[in-house]
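Per the numbering used here: the sequence shown = residues 373 to 475. Beta carbons are placed, not taken as given, at the ideal position from N, Cα and C, and that holds for glycine. Note that the coordinates shown come from a computational prediction; the quantities given were computed from them, not determined experimentally. Heads up: the structure comes next, in structure tokens.
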Amino acid sequence: MFISLAYAAGDQASSPFGALWSFLPIILIFPIFYFLVIMPQQKARKKHKSMIEDLKKGDKVVSNSGIIGTIVSVDKDTILLQVATDVKLRMLKSAITDLRKEE
Numbered sequence: 373m374f375i376s377l378a379y380a381a382g383d384q385a386s387s388p389f390g391a392l393w394s395f396l397p398i399i400l401i402f403p404i405f406y407f408l409v410i411m412p413q414q415k416a417r418k419k420h421k422s423m424i425e426d427l428k429k430g431d432k433v434v435s436n437s438g439i440i441g442t443i444v445s446v447d448k449d450t451i452l453l454q455v456a457t458d459v460k461l462r463m464l465k466s467a468i469t470d471l472r473k474e475e
């Protein structure tokens, strides 16, 4: 009895596009993922890189650890940050997350 059912199931002609239709949702996930995740990350990374390149003496900045200070000097990869009177910290430019507007 089971053998006859197996033969009956095997005789059905499958559509040549059947496999494509089953993979279509997976294929559509990649462009959606690109536009919702990868593009915004690239845009934010480009904006951060531009902000880092434009740092100059006197800018008020926030580091990724939450330290707020004023830039005293800018080197190739580092900055000297004054956080209080007679308190200066040297940190990597990449550690700067935000440029504060003067209030």
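Short check: CB of residue i to CB of residue j, under 9 Å?
i      : j      : result
Lys429 : Ser445 : yes
Leu464 : Ile451 : yes
Ser422 : Asp449 : no
Val433 : Arg462 : no
Ser435 : Leu453 : yes
Can you tell me which of the three DSSP states residue i falls into?
i      : result
Lys465 : helix
Quick one: is residue i buried, meaning 16 or more other Cβ sit within 10 Å of its Cβ, or exposed?
i      : result
Ile468 : buried
Asp447 : exposed
Asp458 : exposed
Gly441 : buried
* To do: Mind listing, in chain order, the continuous alpha helix (DSSP H) runs of no fewer than 4 residues lying wholly within the segment 410-451?
  => Listed in chain order, the complete alpha helix (DSSP H) runs (minimum 4 residues) inside the segment 410-451 are 411-425.
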